[in-house]
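K.L.:
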């Protein structure tokens with residue numbers, strides 16, 4: 006797939022047409038209902054492979070949306086996957102309001118689960134799911150593997166945002182800050198925890214998914230320090246073995262891939278694909294340990310949903326004994342769901 010789709014140069018207007026799914030032999034535009042926000046209809050573009058394969062989900066750039074529906078009689082050259090390109094809430098095709106790595110990430114899971122049922126004939130193994138995205142979508146990638154730590158078999162984050170407070174502070178012309186002021190609410194100075202809760206850097210300790218990063222050295226709009234910091238913290242927290250990083254020397258203008266050669270971009274494609282080829286198994290969380298919760302956390306064993314997306318807390322858990330303890334810097338309540346039952350609890354406050 007062309008990586009130019011991960012540039013972020015166009016602000017798309019709202020699509021005004023009736024929300025009706027459209028179909029063709031190798032590309033569909035489908036609508037599905039949010040399970041977190043009932044009644045909100047969301048959209049995704051489905052690109053079908055020539056023969057059964059695995060799911061690769063992805064999201065678009067910060068200001069962008071999925072491409073318009075295109076009738077395809079032939080498979081996309083070079084695509085070997087069932088692609089689930091999610092139009093995030095509040096964007097061109099989807100209803101709802103953007104919330105910067107809040108429930109918009111769960112919209113991705115909803116789209117994948119919809120595709121597993123509706124496109125089963127194209128899927129070799131529904132349990133093996135990959136994620137790949139860039140720019141704003143790269144920030145989604147870095148966070149989604151922390152909020153859903155045992156869902157994705159491998160992930161690619163291209164020119165991604167790992168720290169939204171840092172991005173806010175470095176946005177000298179305000180082209181991204183204006184949305185963060187609305188989508189998150191307070192500024193990083195007013196509520197630093199709200200930005201931590203949305204940042205992959207904060208959730209890195211949860212990482213179980215092998216992740217491939219690529220970033221242009223001189224990228225202006227999403228500076229390469231975001232990927233460098235992710236790599237550094239991964240090494241510091243014992244997660245370095247799960248992270249591979251390619252920094253494209255001399256690459257990056259106001260276009261993420263500005264000045265990149267075709268050889269460089271081919272290396273990105275090859276290394277991203279190798280990360281998938283080498284990981285054809287489900288990942289697992291430890292039976293006992295601690296996980297960071299940024300607003301919410303979903304695993305195959307349990308979920309935690311805090312009463313605010315702006316809260317960061319630490320969950321100490323033991324699957325064998327069935328014990329769960331949420332510790333937070335400030336008072337909050339949360340819902341624990343385990344074994345098909347839900348429990349309303351209050352976090353332990355500890356500074």
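Numbering (my numbering), first residue to last: 6 to 356.
Just so it is clear, CB atoms sit at the ideal spot from N, CA and C, and this is done for glycine as well.
To which residues of the same chain is residue 269 closer than 6 Å at the C-beta, ignoring the five residues directly before and after it?
P.N.:
253
K.L.:
Please classify residue 116: does DSSP put it in a helix, a strand, or coil?
P.N.:
helix
K.L.:
Can you tell me which of the three DSSP states residue 68 falls into?
P.N.:
coil
K.L.:
Which residue's Cα is closest to the Cα of residue 319: 343, 255, 86 and 201?
P.N.:
201
K.L.:
Enumerated in chain order, which unbroken segments of the beta strand (DSSP E) with a length of 3 residues or greater are wholly contained in the segment 215-281?
P.N.:
Taking only runs of at least 3 residues, the beta strand (DSSP E) segments lying wholly in the segment 215-281 are 216-221 and 248-253.
K.L.:
By DSSP's criteria, residue 42 is part of a beta bridge. Which residues make up the other side?
P.N.:
DSSP, once it has assigned bridges, lists no residue as partnering residue 42.
K.L.:
Answer with buried or exposed for residue 306, where buried requires no fewer than 16 other C-beta atoms within 10 angstroms of its C-beta.
P.N.:
exposed
K.L.:
Anyone know if the C-beta pair for residue 109 and residue 24 falls short of 9 Å?
P.N.:
Going by C-beta atoms, residue 109 is not nearer than 9 Å to residue 24.
K.L.:
Where does the unbroken beta strand (DSSP E) through residue 3 begin, and where does it stop?
P.N.:
Lying before the first or after the last residue shown, residue 3 is absent from the chain, which here runs from 6 to 356.
K.L.:
For residue 164 versus residue 232, is the C-beta spacing smaller than 9 Å?
P.N.:
Yes, these two residues count as a Cβ contact at 9 Å.
K.L.:
Can you tell which of 213, 198, 226 and 129 has the C-alpha that lies nearest to the C-alpha of residue 178?
P.N.:
226
K.L.:
Between which two residues does the beta strand (DSSP E) holding residue 145 run?
P.N.:
Note, residue 145: premise wrong, no beta strand (DSSP E); alpha helix (DSSP H) at 141-152.
K.L.:
Which whole-angstrom value describes the C-beta separation of residue 127 and residue 58, a residue pair presumed to lie in contact below a C-beta threshold of 8 Å?
P.N.:
7 Å
K.L.:
Could you check what DSSP says for residue 59 in three-state terms: helix, strand or coil?
P.N.:
coil
K.L.:
Helix, strand or coil for residue 49 per DSSP?
P.N.:
Residue 49: strand per DSSP, three-state reduction.
K.L.:
So, at 6 Å on beta carbons, what are the nonlocal neighbours of residue 75 in its own chain, with the 5 sequence-adjacent residues on each side left out?
P.N.:
Apart from sequence neighbours up to five positions away, the residues of its chain that approach residue 75 with a beta-carbon distance below 6 Å are 32, ordered along the chain.
K.L.:
Looking at residue 93: is its Cβ nearer than 9 Å to the Cβ of residue 64?
P.N.:
yes
K.L.:
Going by CA-CA distance only, name the one from 27, 150, 54 and 73 that's closest to residue 299.
P.N.:
150
K.L.:
Quick one: residues in its chain with C-beta nearer than 7 Å to the C-beta of residue 198, no 5 flanking neighbours on either side, listed in chain order?
P.N.:
315, 316 and 317
K.L.:
Taking buried to mean at least 16 other C-beta atoms within 10 Å of its own C-beta, is residue 52 buried or exposed?
P.N.:
buried
K.L.:
Closer than 8 Å by C-beta to residue 338: which residues in its own chain qualify, once you throw out the five before and the five after it? Chain order, please.
P.N.:
Same-chain partners within the cutoff: 311, 312, 349, 350, 351 and 352.
K.L.:
For residue 106, which of helix, strand or coil comes out of DSSP?
P.N.:
coil
K.L.:
Would the segment 232-244 and the segment 326-342 be scored as touching if the rule is three or more Cβ pairs under 8 Å?
P.N.:
These segments do not touch.
K.L.:
Quick check: the Cα distance between residue 249 and residue 97, rounded to an integer number of angstroms?
P.N.:
33 Å
K.L.:
Could you check which residue in 182, 273, 191 and 204 has the C-alpha nearest to that of residue 221?
P.N.:
273
K.L.:
According to DSSP, is residue 325 part of a helix, a strand, or is it coil?
P.N.:
coil
K.L.:
Going by C-alpha distance, which of 278, 329 and 283 is nearest residue 294?
P.N.:
329
K.L.:
DSSP on residue 187, reduced to helix/strand/coil?
P.N.:
For residue 187, the three-state secondary structure derived from DSSP is helix.
K.L.:
Would you tell me roughly how many angstroms separate the C-alpha atoms of residue 88 and residue 50, rounded to the nearest one?
P.N.:
Residue 88 and residue 50 have their C-alpha atoms some 8 Å from each other.
K.L.:
Three-state secondary structure (DSSP) at residue 122?
P.N.:
helix
K.L.:
Would you tell me roughly how many angstroms separate the C-alpha atoms of residue 309 and residue 265, rounded to the nearest one?
P.N.:
42 Å
K.L.:
Within 10 angstroms of its Cβ, does residue 79 collect 16 or more other Cβ (buried), or is it exposed?
P.N.:
exposed
K.L.:
By alpha-carbon positions, which one of 277, 191 and 211 ends up nearest to residue 303?
P.N.:
When 277, 191 and 211 are compared, the shortest CA-CA separation from residue 303 is found for 211.
K.L.:
Excluding the five sequence neighbours on either side, which residues of its own chain have a C-beta within less than 7 Å of the C-beta of residue 40, listed in chain order?
P.N.:
115
K.L.:
Taking the continuous alpha helix (DSSP H) assigned at residue 171, which residues delimit it?
P.N.:
169-175
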